[in-house]
Amino acid sequence: MPSTLVFRGTTRFHWTLGLPITALLAGLIAGSGVASAQAPTAIQDDPRPTMRQVFEEMKILIPLSLDEATWADPDAQPRIRAALDRLENAATALEVHGRSREAGFNELALNLERDLREVGENYRIGAFEEARFFLTGSLQSCVSCHVRLPSARTFPFADQLIDQVEVQSLDPRERAWLYVTVRKFDAALSAWEGLMADPKLSPAELDAGGALVDYLNVVLRVRTDVPRARKALATLAARKDMPVYLGERIASWRAALDKLDPASFQPGAPKALEKGSALAIEAGQVAQGPFGRDGLIQDLAAASLLVRWLEEDRARRETVTRNPTAKERSDTSQAYYWLGVVEARSLDGFWVNLSERHLESAIRADPKGSYAKKAYARLEETQFLGYGGASGNELPADVVTNLRELRELIQAK
C-alpha cells in the first residue's frame, strides 16, 4: 500500500513515510553547496554534472520508495542499496563542505550525514521501516538548510521531480513543503496563502498546525518579501472567524512588519549584526504569550540578519591571514549567542536543533568575552532539562565531557 503524508499539530512539520524520500533527494541535490556523490572528500568546483547524475539515479529510487511492498522487494533491493550508497557518499562530501560554513550549516550537514548513514545501515539489515523513518528526518535537515538564507535560486530539474508524484492530490501543507525542498519557494508561499484563504480551515487550526509560522519563515528568511507578508497577514486578519488571541498576535506581527526595512535584508547591507541583535532583544521583550510567539517576526528577521552576517564575516576572514582581533571575536560570539537564543525560542524543532550548536559556538568564538558565560548558562540548562532534570549526574558521557571542556574555557566552576 502506498504511504501517505501526515502533519501533526505542532509548529514543526513531521512527515510520515510518504514523500520524505522524494523531498530528501531534492533537498540533497538542490541544497546550498551540494557535494559530489562520488568522492566524499573531494568536492568539485562545479558539482552540477554530479548533481544531474544523482538526480537520474533518484528518478529510479523515487517510485520504489513510495510503495512499502516495493521498497522491501528483494528484486528492488540492489538498486535501492546502490542509490542509498550514492546518497550517503554525497552527504559525507556535503559535511566536508559544511566545515567551511557558518556553524549551523555544518550542523545540518552533520545531521544529514548521520541520518543517511542510519538509512543505509538499517536498509542493509532489512529494517526497512526504520530506514524510511530516518529518511523522513533527513528531509527536515534539507528544509532547514534551505530556509536559512535569502535565495532566488531554483532547482532546474524540479518540474521533472514534481512530475514523479501527484502533487495536486496532496494536502496543501504537504504540497508547500515539497515545493520548499525543490526550491520552488513562490509555489510554496502560494500554497500556504491558499490555506489561509480556505474557509474550511479556521485561523486557529492554521496556527496550531504551524502553517503561519512556516509561511512567515519562508517569506521573510528566504524571499525577504516583506510586502507579501504584510498583504497575507492583512487578508488573514480580515477573516470573521478570527479568535481574539490570534487577532491580537497578528496585529503585533503586522506592526513589527511595518517597522522592518526590506533593504536591510539584502546581501552586504550594513549593520546586520547590530540590527539582528536588537531585533532578538526586542523579540524577548514582546514575547508575552504562553508560547512566546508574539515576537516571532523579530526573531525571524533577527535570524536572517545574524546568519547572513556570520556567512559574510566568514568570507571576510578568509581574505586575511592574521588571527581575529578581540573585537572580531566578540562580534562573532555576539552573533552566535543571539542566534542561539532566537532559535531556541522560535525555530528549533524535534528533529533539527541548532540552538545548542550556536550557543557552543558563541563560547568557543570568545571564551573570555561577555557572551561566553551567558551562552554556557543557557546551554547547560537545555542539557540538564533536556535529559529529564538529570542535574549532571546522568547525562551522556559525551555531553558531560563537552560541558566540562566549555567550563574550563570560560574558567567557570
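Just so you know, the sequence shown maps onto residues 1293 to 1705 in the numbering used here. Note that beta-carbon positions come from the ideal geometry of N, C-alpha and C, so glycine has one too. Quick caveat: nothing in here was measured; it's all calculated off a predicted structure.
Out of curiosity, what's the CA-to-CA distance linking residue i and residue j?
i: residue 1655; j: residue 1697; result: 11 Å
i: residue 1657; j: residue 1627; result: 10 Å
i: residue 1380; j: residue 1408; result: 6 Å
i: residue 1693; j: residue 1701; result: 12 Å
i: residue 1651; j: residue 1572; result: 14 Å
i: residue 1675; j: residue 1566; result: 29 Å
i: residue 1648; j: residue 1606; result: 20 Å
i: residue 1691; j: residue 1417; result: 30 Å
i: residue 1686; j: residue 1679; result: 8 Å
i: residue 1373; j: residue 1412; result: 7 Å
i: residue 1506; j: residue 1600; result: 20 Å
i: residue 1664; j: residue 1688; result: 23 Å
i: residue 1489; j: residue 1521; result: 14 Å
i: residue 1483; j: residue 1598; result: 28 Å
i: residue 1570; j: residue 1630; result: 9 Å
i: residue 1523; j: residue 1485; result: 10 Å
i: residue 1487; j: residue 1476; result: 17 Å
i: residue 1327; j: residue 1611; result: Because the pLDDT at residue 1327 is just 34, under 50, the model does not fix this residue reliably, and the value given afterwards should be weighed accordingly. The alpha-carbon atoms of residue 1327 and residue 1611 are separated by roughly 23 Å.
i: residue 1378; j: residue 1371; result: 11 Å
i: residue 1620; j: residue 1542; result: 38 Å
i: residue 1463; j: residue 1469; result: 10 Å
i: residue 1695; j: residue 1531; result: 49 Å
i: residue 1624; j: residue 1362; result: 49 Å
i: residue 1699; j: residue 1473; result: 39 Å
i: residue 1615; j: residue 1537; result: 51 Å
i: residue 1677; j: residue 1406; result: 24 Å
i: residue 1515; j: residue 1367; result: 44 Å
i: residue 1635; j: residue 1585; result: 12 Å
i: residue 1608; j: residue 1667; result: 25 Å
i: residue 1703; j: residue 1422; result: 43 Å
i: residue 1382; j: residue 1550; result: 42 Å
i: residue 1508; j: residue 1639; result: 11 Å
i: residue 1479; j: residue 1503; result: 15 Å
i: residue 1673; j: residue 1501; result: 28 Å
i: residue 1360; j: residue 1369; result: 12 Å
i: residue 1632; j: residue 1646; result: 7 Å
i: residue 1662; j: residue 1622; result: 8 Å
Can you tell me which of the options puts its alpha carbon nearest to the alpha carbon of residue i?
i: residue 1596; options: 1558, 1579, 1536; result: 1558
i: residue 1497; options: 1469, 1534, 1530; result: 1534
i: residue 1274; options: 1562, 1552, 1625; result: With the chain covering only 1293 through 1705, there is no way to say anything about residue 1274.
i: residue 1618; options: 1463, 1494, 1660; result: 1660
i: residue 1495; options: 1671, 1363, 1539; result: 1539
i: residue 1637; options: 1611, 1689, 1580, 1663; result: 1580
i: residue 1375; options: 1475, 1415, 1360, 1361; result: 1415
i: residue 1465; options: 1474, 1481, 1475; result: 1481
i: residue 1556; options: 1537, 1363, 1512, 1544; result: 1512
i: residue 1365; options: 1420, 1382, 1468; result: 1420
i: residue 1563; options: 1633, 1602, 1614, 1382; result: 1602
i: residue 1529; options: 1516, 1515, 1514, 1545; result: 1545
i: residue 1471; options: 1613, 1669, 1510; result: 1510
The alpha helix (DSSP H) that contains residue i, what's its start and end?
i: residue 1566; result: 1564-1578
i: residue 1497; result: 1495-1500
i: residue 1675; result: 1664-1678
i: residue 1649; result: 1647-1657
i: residue 1481; result: 1477-1489
i: residue 1615; result: Unbroken run through residue 1615: none, as it is neither H nor E.
i: residue 1697; result: 1689-1702
i: residue 1529; result: 1518-1529
i: residue 1466; result: 1464-1473
i: residue 1551; result: 1536-1551
i: residue 1686; result: Looking at the DSSP string, residue 1686 is not in any alpha helix (DSSP H), and its letter there is neither H nor E.
i: residue 1604; result: 1588-1609
i: residue 1360; result: 1360-1363
i: residue 1561; result: It is not in any alpha helix (DSSP H) - residue 1561 carries neither H nor E in the DSSP assignment.
i: residue 1510; result: No alpha helix (DSSP H) contains residue 1510, which DSSP labels as neither H nor E.
If residue i and residue j are in contact, beta carbons under 8 Å, what's the gap, nearest whole angstrom?
i: residue 1576; j: residue 1594; result: Their Cβ separation, rounded to whole angstroms, is 10 Å, which puts residue 1576 and residue 1594 out of contact at 8 Å.
i: residue 1589; j: residue 1526; result: Rounded, the Cβ-Cβ distance is 14 Å, inconsistent with contact.
i: residue 1518; j: residue 1554; result: 5 Å
i: residue 1560; j: residue 1574; result: That belief does not hold up - the Cβ atoms of residue 1560 and residue 1574 are roughly 24 Å apart, past 8 Å.
Is the beta carbon of residue i within less than 6 Å of some heavy atom of the ligand GTP?
i: residue 1499; result: Here there are no bound small molecules, and the ligand GTP is not part of this structure.
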